[in-house]
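Visitor: Top line first, the protein sequences correspond to chains Y and U.
For the first sequence, position 265 matches number 500 in my numbering, and the numbering has no gaps at all.
For the second sequence, position 126 matches number 361 in my numbering, and the numbering has no gaps at all.
Cβ coordinates follow ideal geometry from the N, Cα and C atoms, glycine included.
Here's a structure for you.
2 protein chains.
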Amino acid sequence: MTERRDLYPSRVSTEPHFLPRVDPVVYSNWSEEAPLTREQYEAYERDGFLFLEGLLSQSEVQDLLQESARLRSGDAELDPETVFAEMESGDIRSIFRVHAQSPVMKALVADPRLAGLAEFLLGDQVYIHQSRLNYKPGFRGKEFYWHSDFETWHVEDGMPRMRALSMSVLLTDNHEYNGPLMLMPGSHKTFVTTIGETPADHYKKSLRRQEIGVPDDDSLTRLFEESAIVTPKGRAGSVIIFDCNTMHGSASNITPLPRSNAFFVFNALSNRLEAPFGKVDPRPEFVAARADTTPITSLPKQLAAAE
Amino acid sequence: MTERRDLYPSRVSTEPHFLPRVDPVVYSNWSEEAPLTREQYEAYERDGFLFLEGLLSQSEVQDLLQESARLRSGDAELDPETVFAEMESGDIRSIFRVHAQSPVMKALVADPRLAGLAEFLLGDQVYIHQSRLNYKPGFRGKEFYWHSDFETWHVEDGMPRMRALSMSVLLTDNHEYNGPLMLMPGSHKTFVTTIGETPADHYKKSLRRQEIGVPDDDSLTRLFEESAIVTPKGRAGSVIIFDCNTMHGSASNITPLPRSNAFFVFNALSNRLEAPFGKVDPRPEFVAARADTTPITSLPKQLAAAE
């Protein structure tokens, strides 16, 4: 048995490296039938993210907010393992595997505007690698440090290739001052390896605060100098789509305005998890789906041959 | 001996209160000779702050940056009591009484564009109540929670009336994403009392992290609903002037870009410190000037009679 080749080795060296991305960003060719404009298509390929302002209607947002309040109220029957609270305040910050615990969220995920777009961009059937409802309270909302999701998903979950993307459905308005998502456009084309090895049970801490698996200062400076920082701002119902390797983070939120979103990671069916590429045990199912990879919608025929 | 009347009692009750400001915001009448336009004059009175973009030239900024680097290098002879470092990293975050320890900063304070403007707005001769050089490093720059400076200066320092203002001279560009100063326009016209009493030696902690003397959540929400949040953005050399009672704060800074400014508090000579209004010992001279209230420039004649 030959050793598995690792195209994106990380946390194995004491020095960081900039490795070129060897995977496509978009896996379908653009045509008039594509679920996004040519400009959007090209922007996503170039920048590694796309901001779809007002994708959902205000009445859809109201339904989602109502469901979000129900889920966070304590009345909903939730797997306790999937509920994460902030250390200091005890406020619920995230509910994982939310698409499997809420019919409303399940319907949202399967919406053609979300799942259909993910299928097109990834050129494959898709399933949910991770889903969660995020609630960043006002006044004491904590920052989330810079990271590439793929770095974690590859090392800790065994996601083999860059063929996944995230959708953040804004449930509150994103202002410049309430800790919005910050992205570095173009950063998705470089794999920035991080330093060191992964300690056991890292996921328990990393969901609260990133410490391992984040880039060092010099790498972030270099990446920023080659790129920029963009903070999509817009009303609830807008959706931010970003590639699995786009460098992102968010600052703290001391304003009275909470920030909330429903967050879904779509992975290509052909890109299902293997054994982790780092020397760690796989993370639990609610953080990284391994057993349940049921496609959430069937792939329309015109996309099947595009790759 | 009658007991001193306190127009702005704070930290004395278990419930917060919104008290109307009983002092003017601007203490001079506007005329063609005023050191600011009528629009600026009215905006400062209404909003409690003013953003003067590009007030200093780029060569002046270079000189200030050079002096800032020297002061933070460890080579400069500084009173150790005036140097504050961040808890986690050990990086120097603030140097107090910087106008008295640096000839360059002393000249900046006395510049007619700063001191002259302060004299006009406060309608009096002015002295430096507090000065400091702030350096908020990239990556791990901490947030600074909402507060009114006057609340602290009144309770802990014994500043009797609202007749002081701050000038933040930007030494780095202010972007929306690197933890810029956030202000609530109009908040200066309300004195928001804070809850509880002041523990002894509070200043040692409060310079690092605000905990006491900050408004409660409900008060901040109400203030925000009656106001807004504004984050002046602009290049180094710009100056933010804000009233002593304007509610302000800043989020964390995880970007690679440090944020640095020279910060000066001008107080009217007629508004010199008395005994603290809270039951605390006065803070040290480098935080709140009590002994050294030498006017930094003489008051031009045309302003003397304006009040």
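Between the Cα of ALA278(Y) and the Cα atoms of PRO415(Y), TRP265(Y), GLU250(Y), which residue gives the shortest distance?
Guide: In the first sequence, counting from the first residue as 1, residue 278(Y) sits at position 43. The residue with the shortest Cα to Cα distance from ALA278(Y) is TRP265(Y).
Visitor: Going by alpha carbons, who is nearest to SER495(Y) out of SER329(Y), GLY358(Y), ARG507(Y)?
Guide: What you label residue 495(Y) is simply residue 260 of the first sequence in a count that begins at 1. When each option's Cα is compared against that of SER495(Y), the closest is SER329(Y).
Visitor: Of the residues that make up the segment 410-436 of chain Y, which ones have a beta carbon closer than 8 Å to any beta carbon in chain U?
Guide: HIS410, GLU411, TYR412, GLY414, MET417
Visitor: Answer with yes or no whether the minimum CB distance from PHE284(Y) to chain U is below 7 Å.
Guide: Here the question's residue 284(Y) lines up with position 49 in the first sequence. Under the 7 Å criterion on CB atoms, PHE284(Y) is classed as non-interfacial with respect to chain U.
Visitor: Please check if any C-beta of chain U sits within less than 7 Å of the C-beta of LEU442(Y).
Guide: Along the first sequence, one-based indexing puts residue 442(Y) at 207. Note that LEU442(Y) scores 44 on pLDDT, short of 50, meaning its location in the model is unreliable; the coordinates nonetheless yield the value given after this. No, LEU442(Y) does not count as interfacial toward chain U.
Visitor: Could you give the DSSP three-state label for LEU458(U): helix, strand or coil?
Guide: The count along the second sequence starts at 1 and reaches residue 458(U) at position 223. DSSP places LEU458(U) in helix when its eight states are reduced to three.
Visitor: Does the beta-carbon of PHE286(U) have 16 or more other beta-carbons within 10 angstroms, so that it is buried, or is it exposed?
Guide: As a first step, residue 286(U) is located in the second sequence; it is residue number 51 there, counting from the start. The residue in question, PHE286(U), is buried, as its Cβ has 16 or more Cβ neighbours within 10 Å.
Visitor: My assumption, with CB atoms under 8 Å, is that SER292(Y) sits in contact with GLY472(Y). Please give the rounded CB distance.
Guide: As a position in the first sequence, residue 292(Y) is number 57, starting the count at 1. As a position in the first sequence, residue 472(Y) is number 237, starting the count at 1. Contact holds; Cβ gap of about 7 Å.
Visitor: With distances taken Cα to Cα, identify the nearest neighbour of TYR380(U) among SER366(U), MET417(U), VAL404(U), ASP359(U).
Guide: In the second sequence, residue 380(U) corresponds to position 145, counting from 1. Selected option, being the one with the closest Cα: MET417(U).
Visitor: Tell me which residues of the segment 479-504 of chain Y have at least one Cβ-Cβ distance to chain U shorter than 9 Å, keeping chain order.
Guide: GLY484, SER485, ALA486, SER487, ASN488, ILE489, THR490, PRO491, LEU492
Visitor: State yes or no: is the beta carbon of GLU386(Y) nearer than 7 Å to at least one beta carbon in chain U?
Guide: Numbered from 1 along the first sequence, position 151 holds the residue referred to as residue 386(Y). Chain U, which has no Cβ nearer than 7 Å to the Cβ of GLU386(Y), makes this no.
Visitor: Three or more C-beta pairs closer than 8 Å, one from the segment 339-355 of chain Y and one from the segment 461-468 of chain Y: is that the case here?
Guide: No: fewer than three Cβ pairs fall under 8 Å.
Visitor: Using C-beta distances below 7 Å, list every residue in its chain close to ASP355(U), excluding the 5 sequence neighbours before and after it, in chain order.
Guide: Start at 1 with the first residue of the second sequence, and residue 355(U) comes out as number 120. For the record, residue 355(U) in the displayed sequence is Phe; it is not Asp. The residues are SER263, ALA269, PRO270, LEU538.
Visitor: Just to confirm the assignment: which complete alpha helix (DSSP H) runs, minimum length 4, are found wholly within the segment 297-345 of chain U?
Guide: 338-345
Visitor: Counting contacts by CB-CB distance shorter than 7 Å, is ASP408(Y) in contact with chain U?
Guide: Along the first sequence, read from residue 1 onward, the residue named residue 408(Y) stands at position 173. False, the Cβ-Cβ gap to chain U never drops below 7 Å.
Visitor: Between the Cα of HIS423(U) and those of PRO491(U), GLY309(U), PRO511(U), ARG256(U), spot the shortest distance and give me the residue it belongs to.
Guide: The count along the second sequence starts at 1 and reaches residue 423(U) at position 188. When only C-alpha atoms are compared, the closest one is ARG256(U).
Visitor: Anything in chain Y within Cβ reach of TRP381(U), meaning under 8 Å, just list it in chain order.
Guide: Taking the second sequence and counting its residues from 1, the one referred to as residue 381(U) is at position 146. The contacting residues are ILE489.
Visitor: How about PHE477(U): is its C-beta nearer than 7 Å to some C-beta of chain Y?
Guide: Numbered from its first residue, the second sequence carries residue 477(U) at position 242. No, PHE477(U) lies away from the interface with chain Y (no Cβ there is under 7 Å from its Cβ).
Visitor: Would ASP478(Y) and VAL260(Y) qualify as a contact pair, given that the criterion is a beta-carbon distance under 7 Å?
Guide: If you number the first sequence from 1, residue 478(Y) lands on position 243. If you number the first sequence from 1, residue 260(Y) lands on position 25. Taking 7 Å as the Cβ cut-off, ASP478(Y) and VAL260(Y) qualify as a contacting pair.
Visitor: Might you give, ordered along the chain, the residues of its own chain that have their beta carbon closer than 7 Å to the beta carbon of PRO543(U), omitting 5 neighbours on each side?
Guide: This structure does not reach residue 543(U), given that chain U is present from 236 up to 542, and the question cannot be answered.
Visitor: Rounded to whole angstroms, what is the Cα-Cα separation between VAL361(Y) and ASN502(Y)?
Guide: The residue given as residue 361(Y) occupies position 126 in the first sequence. The residue given as residue 502(Y) occupies position 267 in the first sequence. So the two alpha carbons sit approximately 5 Å from each other.
Visitor: Closest Cβ-Cβ distance between LEU455(Y) and chain U: below 7 Å?
Guide: By one-based count along the first sequence, residue 455(Y) stands at place 220. By this cut-off, LEU455(Y) is an interface position.
Visitor: In this structure, how does DSSP classify VAL390(U) when only helix, strand and coil are distinguished?
Guide: One-based indexing of the second sequence puts residue 390(U) at position 155. Three-state DSSP puts VAL390(U) in a helix.
Visitor: How many angstroms separate the CA atom of ASP314(Y) from the CA atom of ASN480(Y)?
Guide: For the purposes of this step, residue 314(Y) is taken as the residue at position 79 of the first sequence. For the purposes of this step, residue 480(Y) is taken as the residue at position 245 of the first sequence. Cα-Cα distance, rounded: 29 Å.
Visitor: Check for me: the alpha helix (DSSP H) holding TYR279(Y) runs from which residue to which?
Guide: Translated into positions along the first sequence, residue 279(Y) becomes position 44. TYR279(Y): member of the alpha helix (DSSP H) spanning 273-282, first to last residue.
Visitor: Under 6 Å from any heavy atom of the ligand GDP, does the C-beta of LYS468(U) make it?
Guide: Absence of the ligand GDP is noted for the structure shown, with no ligands found whatsoever.
Visitor: If you draw a straight line from the C-alpha of PHE284(Y) to the C-alpha of MET322(Y), how long is it?
Guide: Position 49 of the first sequence, counted from the start, is the residue given in the question as residue 284(Y). Position 87 of the first sequence, counted from the start, is the residue given in the question as residue 322(Y). When rounded, the distance between both Cα atoms is 31 Å.
Visitor: PHE426(Y): buried (16+ other C-beta within 10 angstroms of its C-beta) or exposed?
Guide: Translated into the one-based positions of the first sequence, residue 426(Y) becomes position 191. Looking at its Cβ environment, which holds 16 or more other Cβ atoms inside 10 Å, PHE426(Y) is buried.
Visitor: When you compare the CB of GLU288(U) with every CB in chain Y, is at least one pair closer than 7 Å?
Guide: Indexing the second sequence from 1 puts residue 288(U) at position 53. For GLU288(U), the answer is no, since every Cβ of chain Y falls outside 7 Å of its Cβ.
Visitor: Using DSSP's beta-bridge definition, name the partner residues of LYS371(Y).
Guide: Taking the first sequence and counting its residues from 1, the one referred to as residue 371(Y) is at position 136. Beta-bridge partners assigned by DSSP to LYS371(Y): ARG494(Y).
Visitor: Within 10 Å of its beta-carbon, does ARG273(Y) have 16 or more other beta-carbons around it, so buried, or fewer, so exposed?
Guide: The sequence position of residue 273(Y) within the first sequence is 38, counting from 1. Burial call: exposed.
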